[in-house]
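*Asks:* Below are the structure tokens for one structure; questions will follow.
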Amino acid sequence: MSDTTLEAPGLSRRNLLKVGLFGSAFLATAGVTASLSGCSASVPAGGFAVLRQSDMPFLRALVPVMLEGAVPVEKMVSAVDGTLQSLDYALHRLSPEMLKLTLQLFDVLALPITRGPLTGIWGSWDKAGAQDVREFLSRWEHSSIGLLKMGHASLLQLVMMAWYGRPESWAHCGYPGPPTV
1 MSDTTLEAPG LSRRNLLKVG LFGSAFLATA GVTASLSGCS ASVPAGGFAV
51 LRQSDMPFLR ALVPVMLEGA VPVEKMVSAV DGTLQSLDYA LHRLSPEMLK
101 LTLQLFDVLA LPITRGPLTG IWGSWDKAGA QDVREFLSRW EHSSIGLLKM
151 GHASLLQLVM MAWYGRPESW AHCGYPGPPT V
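See below:
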């Protein structure tokens, strides 16, 4: 009978459990810290139903990077504003559990204690350049940690659905618009 155990350097059940326990403790601590510091306050920013003021610096840094190539530079500000409105609209219609998870993701990205180690952005999002945001996205996309990969996929889907649901995005991708009667 052959041995079918996975032999990888540093990867054992014990190490896997330690990493899982540490990660859970880290995220739980971050969540408690966020709620105690007011970072996860559920008060929406002005003009929004769901998006909070604490979400804005991150999203205003993220959205232009994700829309590069699809939006001319001179139209980027209005495209970002419109995408944030569409994102807020979509989030407002999510199930309560999915909304809670999405806001937790935003909290982790907004809180300095978790933002630095998880994204590589040690300063505020307001001071992060486009290259910093690209590196963060690449880091999460190619991470060996499944939770970060899921976070990347979620951010990508949220922003792309919010942008491509807007009529001003349709011409870029050749979509003539919905059929009319």
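Residue numbers for the sequence shown follow the UniProt record's numbering, beginning at 1 and rising by one.
Glycine included, each C-beta is placed from N, C-alpha and C at the ideal position.
1) When the distance is taken between beta carbons, is G151 closer than 7 Å to L99?
2) From the DSSP output, in three-state form, read off R166 for me.
3) With DSSP as the reference, label R52 as helix, strand or coil.
4) Curious, which full-length alpha helix (DSSP H) runs of at least 4 residues does the region 65 to 129 contain?
5) Using the rule of at least 16 other Cβ atoms within 10 Å of the residue's Cβ for burial, across every protein chain shown, is R93 buried or exposed?
6) By Cβ distance below 8 Å, which residues in the same chain neighbour M160 in space, the five residues on each side in sequence not counted?
7) By how many angstroms is the C-alpha of I145 removed from the C-alpha of S78?
8) Can you tell me which of the three DSSP states P57 falls into?
9) Report all residues from its chain with a CB closer than 8 Å to the CB of R14; omit the five preceding and five following residues, and keep chain order.
*Replies:* Walking through what the data contain:
1) On the sequence shown, residue 99 is found 99 positions in, with the first residue counted as 1. On the sequence shown, residue 151 is found 151 positions in, with the first residue counted as 1. No. Outside cutoff.
2) Against the sequence shown, residue 166 aligns to sequence position 166. Here R166 sits in coil by DSSP.
3) For this step, residue 52 is matched to residue 52 along the sequence shown. Assigned with DSSP and collapsed to three states, R52 falls in strand.
4) Within the region 65 to 129, the runs of alpha helix (DSSP H) that reach at least 4 residues and sit entirely inside it are, in chain order, 76 to 92, 96 to 110 and 112 to 119.
5) As a working note, residue 93 is residue 93 in the sequence shown. With fewer than 16 other Cβ atoms within 10 Å, it is exposed.
6) If you number the sequence shown from 1, residue 160 lands on position 160. M66.
7) Counting from 1 along the sequence shown, the entry for residue 78 is found at position 78. Counting from 1 along the sequence shown, the entry for residue 145 is found at position 145. Using only the alpha carbons, I get a separation of about 35 Å.
8) Numbered from 1 along the sequence shown, position 57 holds the residue referred to as residue 57. Assignment of P57 by DSSP, reduced to helix, strand and coil, places it in the helix class.
9) Here residue 14 is taken as the residue at index 14 of the sequence shown, counted from 1. Cβ neighbours of R14 beyond the five flanking positions: none.
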